[in-house]
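Line by line, the protein sequences are chains A and B.
Numbering-wise (this note's numbering), the first sequence opens with residue 1048 and increments by one.
Numbering-wise (this note's numbering), the second sequence opens with residue 1143 and increments by one.
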Amino acid sequence: AQKITQTQPGMFVQEKEAVTLDCTYDTSDPSYGLFWYKQPSSGEMIFLIYQGSYDQQNATEGRYSLNFQKARKSANLVISASQLGDSAMYFCAMREGGTSYDKVIFGPGTSLSVIP
Amino acid sequence: DAGVIQSPRHEVTEMGQEVTLRCKPISGHNSLFWYRQTMMRGLELLIYFNNNVPIDDSGMPEDRFSAKMPNASFSTLKIQPSEPRDSAVYFCASKGQVNQPQHFGDGTRLSIL
């Protein structure tokens, strides 16, 4: 069963506008973590932001913020003031459990294109 | 600080040959993950280790794939014999404490002819 769903295979956004990339997840474990990664066309995986299941506030890192709705099991990434360099694949990932040896699995990704 | 180091960056070989991919995790990280990325299947977790011990290898596609971590600074992923459908980008990632993100290597782009 798919544990992480990213329903938008492709997205377009105008430069300088904000964009929201969706991520929903499925787990019965009360302790988990959610990550977002960016993969530009060059191929490297770049960590963007992390949200723990017990964190009281939504995570923010510069232009990235995470809209965490625990009851709905969603962890959407919001990118503000899009730049051309934001064009990339974006992956949502989940760690289940509260130990250092937890599995981390990835969603299918969303391709974001920023239009000048 | 050196990141996760993978070698080779590219590998092209004929089907039936043995392929060995190598990974050096970040010093001090105690978890190591091997992923395979293809257009059709996305990022698949193949196997992961904690303190050099394999924790979950349920993602390893079949017996042709094997992975080892003989010490904290080195891991290998071996395919024997290789087949064209094994062509993919293989990533190694390492991780420290529970809330820390994984750090990925640059990947090995494998082409089996």
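Note that CB positions come from ideal geometry on N, CA and C, so glycine has one too.
(request) List the residues of chain B whose Cβ lies closer than 7 Å to the Cβ of A/Glu1143, in chain order. (result) Residues of chain B whose Cβ lies closer than 7 Å to the Cβ of A/Glu1143 do not exist, since the nearest Cβ in that chain is about 11 Å away.
(request) Could you work out which residue in A/Asp1102, A/Val1066, A/Ile1162 is closest to A/Arg1110 when comparing CA atoms only? (result) Out of A/Asp1102, A/Val1066, A/Ile1162, A/Val1066 has the C-alpha closest to the C-alpha of A/Arg1110.
(request) Mind checking who A/Cys1070 pairs with in its DSSP beta bridge? (result) Its beta-bridge partners do not exist; DSSP assigns none.
(request) Give a yes or no on whether the C-beta atoms belonging to B/Leu1252 and B/Ala1230 are separated by under 8 Å. (result) Yes; because the gap between Cβ atoms is below 8 Å, this pair is in contact.
(request) Run down chain A in chain order and give the residues with a C-beta less than 8 Å from the C-beta of B/Gly1170. (result) Result: empty, since nearest Cβ-Cβ is about 12 Å, beyond 8 Å.
(message) Against chain A, does B/Leu1187 count as a neighbour if the rule is that its beta carbon must be under 8 Å from one of theirs?
(response) Yes, contact with chain A.
(request) Output yes or no for whether 8 Å exceeds the beta carbon distance between B/Gln1148 and B/Asp1228. (result) It is not a contact, given that the beta carbons lie outside the stated cut-off.
(message) For A/Ser1127, which residues in the same chain have their Cβ closer than 6 Å to its Cβ, ignoring the five residues on either side in sequence?
(response) Taking A/Ser1127 as the centre and dropping the five residues before and after it, the same chain places the C-beta of Ala1065, Arg1110 closer than 6 Å to its C-beta, in chain order.
(request) In the DSSP assignment, find the beta strand (DSSP E) that holds B/Pro1196 and state where it starts and stops. (result) B/Pro1196 -> beta strand (DSSP E) spans 1195 to 1198.
(request) Anything in chain A within Cβ reach of B/Pro1226, meaning under 9 Å, just list it in chain order. (result) In chain order: nothing, as chain A lies at least about 21 Å away.
(request) Identify which residue in B/Pro1196, B/Val1146, B/Asp1199, B/Lys1210 has its Cα closest to the Cα of B/Thr1162. (result) When each option's Cα is compared against that of B/Thr1162, the closest is B/Lys1210.
(request) Taking only beta carbons into account, state which residues of the region 1073 to 1095 of chain A come closer than 7 Å to chain B, listed in chain order. (result) Contact annotation: in the region 1073 to 1095 of chain A, residues whose CB is within less than 7 Å of a CB in chain B are Gly1080, Phe1082, Gly1090, Glu1091, Met1092, Phe1094.
(request) Run through the region 1200 to 1244 of chain B for me and flag every whole beta strand (DSSP E) of 3 or more residues, listed as ranges in chain order. (result) DSSP runs (the beta strand (DSSP E)) wholly in the region 1200 to 1244 of chain B: 1207 to 1213, 1216 to 1221, 1230 to 1237.
(request) Report yes or no: is there a C-beta of chain A within less than 8 Å of the C-beta of B/Tyr1232? (result) Chain A, which has no Cβ nearer than 8 Å to the Cβ of B/Tyr1232, makes this no.
(message) Between B/Asn1213 and chain A, is the shortest Cβ-Cβ distance under 8 Å, so that the two count as touching?
(response) Chain A has no Cβ within less than 8 Å of the Cβ of B/Asn1213.
(request) Figure out for me which residue from A/Val1060, A/Ala1118, A/Ser1089, A/Val1151 has the closest Cα to the Cα of A/Tyr1101. (result) Comparing Cα positions, the closest option is A/Ala1118.
(request) Run the proximity test for B/Trp1176: is its beta-carbon closer than 7 Å to any non-hydrogen atom belonging to the ligand MN? (result) The ligand MN is absent from the structure shown, which contains no ligand whatsoever.
(request) Indicate whether the contact test is met: 3 or more Cβ pairs, each with one atom in the region 1148 to 1157 of chain B and one in the region 1141 to 1160 of chain A, closer than 8 Å. (result) The count of Cβ pairs closer than 8 Å, one atom from the region 1148 to 1157 of chain B and one from the region 1141 to 1160 of chain A, stays below three, leaving the stretches out of contact.
(request) Output, in chain order, the set of chain B residues within a Cβ distance shorter than 8 Å of A/Pro1155. (result) Per Cβ cutoff of 8 Å: Gly1184.
(message) Taking 8 Å as the limit between beta carbons, can you name the residues of its chain near B/Pro1226, skipping five residues before and five after?
(response) These residues qualify, in order along the chain: Met1157, Ile1254, Leu1255.
(message) At the level of alpha carbons, what is the spacing between A/Ser1134 and A/Val1161?
(response) Roughly 5 Å separates the two Cα atoms.
(message) In whole angstroms, give me the CA-to-CA distance for A/Gly1080 and B/Val1154.
(response) Each residue's alpha carbon lies about 37 Å from the other.
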